[in-house]
Amino acid sequence: MGSFLSWLFCGTARPVVTEITPPVEKKEPVALDPQELLTREEWEKWSISLKNVLDSRLGRRHFRKHLEKEHSECNLSFWEAVNAFRAEGYPSRREIMAHKIVNEFIEIETSHNISLSKPALDSVMKNMSPVNIHTFDEAQKEVFKLMKGDSYQRFLRSDYYKGLMPETITQQPV
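Residue numbers (numbering that gives the first Met the number 0): 0 to 173.
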């Protein structure tokens, strides 16, 4: 059960080291731009699939805020880091990013550790030498599946998500 809890809560079931190095990528601030208003249409779209939430910059911000309350935001951070890794066009930079991702999210002694199944972990390690665009495919699929079946479902049931529902009157920026 400890393994499941550390996966679910991104390693917070372990003792936390007080001096930690900053994460690989700086997280987007949770504070929302007053000009960036959530429409009822977008809010409803988020309830259809996790992909819709993740495809929306505003959706990811709100989902992250929810995940922070659950102590599982590292799953989303990992998912985003892998997307940035894939988008990097220079192999030498991708190599550096791959090692940072492993050091921050996959190494056992990290504060942002995401537990992976042995097959997903083996896939990452196999694809680290040499690093290639598919290095994190299995791990990212596994983390997405966990978020979809667990955190996303709680997000949709949360008072936080329900409280985001815009009024039926169209909002105008102030």
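Where is the CB? At the ideal position from N, CA and C, for every residue including glycine.
Mind checking whether L155 and S71 have CB atoms under 9 angstroms apart?
no
Name the two residues that bound the continuous alpha helix (DSSP H) containing S46.
Looking at the DSSP string, S46 is not in any alpha helix (DSSP H), and its letter there is neither H nor E.
Given this structure, state the Cα-to-Cα distance separating E27 from R60, to the nearest angstrom.
Because the pLDDT of E27 is 43, which lies under 50, any placement of that residue in the model is unreliable, and the number read from its coordinates should be weighed accordingly. About 7 angstroms.
DSSP three-state label for M127, please.
strand
Please determine, among F84, K50, R153, the residue with the shortest C-alpha to C-alpha distance to H98.
F84
If V123 sits next to I105, beta carbons under 8 angstroms apart, how far is it from one beta carbon to the other, in whole angstroms?
6 angstroms
Where K147 and N51 are concerned, what is the direct C-alpha to C-alpha distance, given to the nearest angstrom?
11 angstroms
Span of the alpha helix (DSSP H), counted from its first residue to its last, around S76
72 to 86
Rounding to the nearest angstrom, what Cα-Cα distance links L145 and S116 in this structure?
11 angstroms
Straight-line CA distance for H133 to L75?
18 angstroms
Counting only the same chain and skipping the five closest in sequence on each side, list residues whose C-beta sits under 6 angstroms from that of A138.
L115, A119, V123
Given R39, which residues of its chain have a CB within under 6 angstroms of its CB, disregarding the five upstream and five downstream residues?
P165
Cutting at 6 angstroms between CB atoms, please list the residues of its own chain near Y160, excluding the five before and the five after it.
F154
Under 7 angstroms Cβ to Cβ from V130, same chain only, skipping five residues before and after it: list those, please.
R93, E94, A97
Kindly indicate which three-state DSSP category F104 falls into: helix, strand or coil?
helix
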